[in-house]
Amino acid sequence: MSDNEFQEDKLSVNERLAAEALIVDVEGFEGPLDLLLTLGRTQKLDLRQISILQLARQYLVFVEKAKQLRLELAADYLVMAAWLAFLKSRLLLPPDPKDEGPSGEELAAHLAFQLERLQAMRESAARLMARDQLGRDFFARGITTDVSRVRKVTYTATLLDLMQAYARIRTKDEFRPFVMDRDRVFTMEQALERMRGLIGFAGDWADIVSFLPEGWESDPVKRRSATAATFAASLELVKEGKLVIRQSETFAPIQIRKKDQ
Amino acid sequence: MSDIPEEKEESLFDAPPMAEQERMVEAILFATAEPVTTAELEARMPHGCDAAEALVYLRKRYEGRGVHVVRVGDAWAMRTASDLGFLMQKETVETRKLSRAAIETLAIIAYHQPVTRAEIEEIRGVSVSRGTVDQLLELEWIRFGRRKMTPGRPVTFVVTPTFLDHFGLENARDLPGLKELRSAGLLENRPPLGVTVSDQDDEDDQAVEGQSELFED
Amino acid sequence: MSDIPEEKEESLFDAPPMAEQERMVEAILFATAEPVTTAELEARMPHGCDAAEALVYLRKRYEGRGVHVVRVGDAWAMRTASDLGFLMQKETVETRKLSRAAIETLAIIAYHQPVTRAEIEEIRGVSVSRGTVDQLLELEWIRFGRRKMTPGRPVTFVVTPTFLDHFGLENARDLPGLKELRSAGLLENRPPLGVTVSDQDDEDDQAVEGQSELFED
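As you go down the protein sequences, you meet chains L, X and V in turn.
Every number in the working numbering is 8 more than the matching position in the first sequence, counting from 1.
Every number in the working numbering is 66 more than the matching position in the second sequence, counting from 1.
Every number in the working numbering is 66 more than the matching position in the third sequence, counting from 1.
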């Protein structure tokens, strides 16, 4: 993004303050479209006349600043940034006659439509909530037990009951919160017992994987369980001062060795 | 509070016209579960209102109507005219929630129709009591479908238009599948260790297959 | 039952005079907190009554009163006049405050119904959380509608009569600003660009305008 600095310089003091305010609020946005809409408002234009090119630049500047401030941006924002960078190039470069995809103008028009539609829904939601509401502005009858003569019992259920009942039946096999599938779980206690017997032989650095129990290496579920248990047991033994553990970098093999007494 | 500011207020803001006061009493009596005393009425109405006078007009307005303004002790309430009590019989219908066995049986029939009793029992993992089926038949939520072309030619159960009506469905195919139930948050439990994603998909397909048989004709 | 005894009954017992029918409708609506359909009214009234006509008179009678007769979908209910809400502080039920996401999702469902989850997400530009849909379902403001005839046959969401009742709407066509949104093309379901041509064709069929079902008549 070579023109970022140029773009930043062009921002007025007010715009810069607004952009900074936005960065502070980054978690307040409900996704990239919401952010774009807010940025669009700073153009102080009718959404129909908004400059998508300018908006794309504003967005990219925003994302760049967020990166500089080391703010965590959700993947959605970065995907949108990549798309807007693509859109920007489409809008600025002369169209390639061999390219069959939609033109930059079409893409920009669609984005403008999306923004306008989201804005319209926002306004509609506000108007809906501003309506008089039952139980707040107008009220139903306070009692409905005027008469009580014939008593007839009928049974009722809601769609929610029905769906939940079905979900319950269809998943009852998975829903066993207190029954673990013991045959596929290697517990930390088991691992600890196994490791205590083995650490005597670990004079040199050895990959923790080589300590997995036999028959637990191939099945992914069993391997996960055994690895977790063996790792936890190793930590426990480190705490007890019997082992040393190391890992050269993230995701590198974890190695252990008997601690020199 | 002293009397002086109140008097001042009274002169500044006149009480609403009597017709307006009558509307207010009407709305309060309608929306309040318990009978309301004139003191309570006046406490809720703007300053300077005369609830007793408004009640005289309101009572007169409802004379001979389907609803009356009646005195209950030293309080007031609105009640349906006693000669129309016969219309209220349906109001006293007591609705109870369906038992868990019944709702589960109903759900299986809705999702798997046409389905035999043996199939329901297999899915639920317990036997289906006669009373449960009878109750659903009586509610007219299920009916007998055509017999299955399997040994013994067992009867099947299907859901009825009354069922669709009660649950606000256009047809039983609109019932959401497991995946959709899960994404709507109606299914909180996650698959445990050992259940792979493809197993899950199979289950969804099954549910849909059960239905498709019925609706193809 | 054959038709003959019914006809006899009709000639033996004439329907009550309209003034009496009006009283009956008044009493039933008054006694029932939930909206009542004309069909339900007539089922409870003596044979031969015309609830729809009685309702016309009753509505007129309550015009400008503290209590109104309002239409909710194809049902009717009595509700206090909304300008008197200030008198009712005592009755107000504290409702759980809806999140911004829930309010927007609700509005999108109301204006674009029937609408799929994917369409809601396309409009908002973020995924819809399970809690949001769950909350709206629990409030009974939305329900599952019929499935879309598109690949995957996704379920749709629509708003319910409870929603209409809560927001004082006669039907979903009365949503504020609906006409303007339609004529501005903002309820169109435009497929995202960049999809392949064959996909585009499929999706064009699906690109029916929101609320189209409501306007078929």
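The beta carbon of each residue, even a glycine, is placed where N, CA and C say it ideally should be.
These numbers were taken from a predicted model, which means no experiment stands behind them.
Item                                                                                              : Value
C-beta contact flag for V/Y123 and V/E100 at 7 Å                                                  : no
Residue-chain proximity (X/P242, chain V), Cβ-Cβ < 7 Å                                            : yes
Rounded C-alpha distance that separates L/Q66 from L/L47                                          : 7 Å
For L/W91, the first and last residue of its enclosing alpha helix (DSSP H)                       : 83-100
Below-7 Å beta-carbon distance, L/F147 vs any chain X residue                                     : yes
Cβ-based burial, L/F4 [other Cβ within 10 Å; buried from 16]                                      : This structure cannot settle anything about residue 4 of chain L, because the visible part of chain L is limited to 9 through 269.
X/V138: contacting residues in chain V (beta-carbon distance under 9 Å)                           : Per Cβ cutoff of 9 Å: no residues; X/V138 is ~16 Å from chain V at best.
Under 7 Å between C-beta atoms of L/R192 and L/V246                                               : no
Check whether X/E170 and L/I177 have beta carbons under 7 Å apart                                 : yes
Residues that X/L150 contacts on chain V, provided the C-beta gap is smaller than 7 Å             : R89, M90, A93
Proximal residues to V/L244 (C-beta, below 6 Å), its chain only, five neighbours per side dropped : none
Top-ranked residue by Cα proximity to V/I174, from L/R204, L/E225, L/L136                         : L/L136
Reduced DSSP category for L/I262 - H, G, I as helix; E, B as strand; rest coil                    : strand
Where L/K250 sits in the DSSP three-state scheme                                                  : coil
Rounded Cβ spacing between X/L164 and L/T164 (contact assumed at less than 8 Å)                   : 7 Å
Start and end residues, beta strand (DSSP E) containing L/V69                                     : Per DSSP, L/V69 belongs to no beta strand (DSSP E); it is in the alpha helix (DSSP H), 60-76.
Beta carbon proximity, V/L153 to chain X, threshold 7 Å                                           : yes
Whole alpha helix (DSSP H) elements within the segment 100-168 of chain V, 4-residue minimum      : 104-110, 117-127
Reduced DSSP secondary structure (H/G/I, E/B, other) of X/F229                                    : helix
Contact with chain V by L/D227, beta-carbon distance below 7 Å                                    : no
CB contact check: L/D140 to chain X, cutoff 7 Å                                                   : no
The alpha helix (DSSP H) enclosing V/R89, as first and last residue numbers                       : 84-97
Nearest-angstrom Cα separation, counted from L/T50 out to L/A64                                   : 13 Å
Where V/H232 falls, given that 16 or more other Cβ within 10 Å makes a residue buried             : buried
Own chain, CB closer than 6 Å to V/V261, minus 5 neighbours either side, in chain order           : Its pLDDT being 46, under 50, V/V261 is placed unreliably in this model, and the coordinates cannot settle the point.
Exposure label - X/R196; buried when at least 16 CB within 10 Å                                   : exposed
Alpha helix (DSSP H) segment containing V/I186, residue limits                                    : 183-190
Members of the segment 210-242 of chain X near chain V, C-beta cut-off 7 Å                        : G234, E236, R239, D240, P242
Short Cβ contact (7 Å threshold) for X/E236 with V/R239                                           : no
is_contact[L/A128, chain V] using C-beta, thresh 7 Å                                              : yes
Neighbour flag for V/E187 against chain L, beta carbons, 7 Å                                      : no
L/S111 at chain V interface by Cβ criterion, 7 Å                                                  : no
Short CB-CB distance (under 7 Å) between L/E257 and chain X                                       : no
Identity of the residue in L/S242, L/E113, L/L92 nearest L/A210 by Cα                             : L/S242
For X/V133, the nearest candidate out of X/T146, X/W142, X/A141 (CA to CA)                        : X/T146
Cβ separation of L/L45 and L/Q127, assumed to be a contact under 8 Å, to the nearest whole Å      : 6 Å
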